[in-house]
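Taking numbering that gives the first Met the number 0, I'd label the letters of the sequence shown as residues 0 to 100. In this text, a Cβ means the ideal position worked out from N, Cα and C, and glycines have one as well. This structure is a prediction, so every number in the text was calculated from the model and none was measured. Input: a single structure, listed below in structure tokens.
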Amino acid sequence: MSVTAPAPLSSTILGDGSILMATSGSLTTATYEITFAEALTSVTGFRLEAMEDASLPTGGPGLFPNGNFVINEITAEAVPEPFTLLAVGAGMAFVARRRKN
């Protein structure tokens, strides 16, 4: 798993798999990207918990000075591995060629 976020945010993946986001400056909005390297073949749900932490402003759970945490949107997408795309493309090319004949 990896996490990307804009400066001044920093992320730490903790031992239990949770992600601690911290900031060294003021921030009003941010877009986080969490990537899983494992093949997630049967995802049936998504769980997000905003947890308090002593290192966050007023103990969190958010990064605002008053500790607020707001979510405006969550999106998810499955991105096939490059080899999978190559195999699908080759299969489609074969079907197209066969239809011409």
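Beta-carbon separation (whole angstroms), residue i vs residue j, contact threshold 8 Å
i, j, result
"Glu48", "Thr3", "20 Å between Cβ atoms; not a contact."
"Thr57", "Gly44", "With a Cβ gap of about 30 Å, Thr57 and Gly44 do not count as contacting."
Option in the options with minimal Cα separation from residue i
i, options, result
"Thr40", "Pro5, Ser1, Ala77", "Ala77"
"Thr102", "Thr43, Gly16, Arg46, Pro60", "Examination of residue 102 is not possible in this model, given that the chain is present from 0 through 100 alone."
"Gly16", "Ser1, Ile73, Asn67", "Ser1"
"Thr74", "Ser25, Asn67, Thr30", "Thr30"
"Met20", "Thr43, Ala53, Gly44", "Ala53"
"Ala6", "Gly58, Thr57, Thr28", "Thr28"
"Leu34", "Ile12, Leu55, Glu51, Met50", "With the sequence shown as reference, residue 34 is identified as Thr, and Leu is not the correct amino acid for it. Here the closest residue by C-alpha is Ile12."
"Leu8", "Asn71, Glu72, Leu62", "Leu62"
"Ser25", "Met50, Val42, Leu55", "Leu55"
Extent of the continuous beta strand (DSSP E) to which residue i belongs
i, result
"Met50", "First-last for Met50: undefined, no H or E at that position."
"Ile70", "It is not in any beta strand (DSSP E) - Ile70 carries neither H nor E in the DSSP assignment."
"Thr43", "Per DSSP, Thr43 belongs to no beta strand (DSSP E) and is neither H nor E."
"Glu32", "32-34"
"Ser17", "Run containing Ser17: none; DSSP gives neither H nor E here."
"Ser1", "1-3"
Cβ of residue i within 8 Å of any chain B Cβ
i, result
"Leu62", "The chain labelled as chain B is not found in the depicted structure, where only one protein chain is given."
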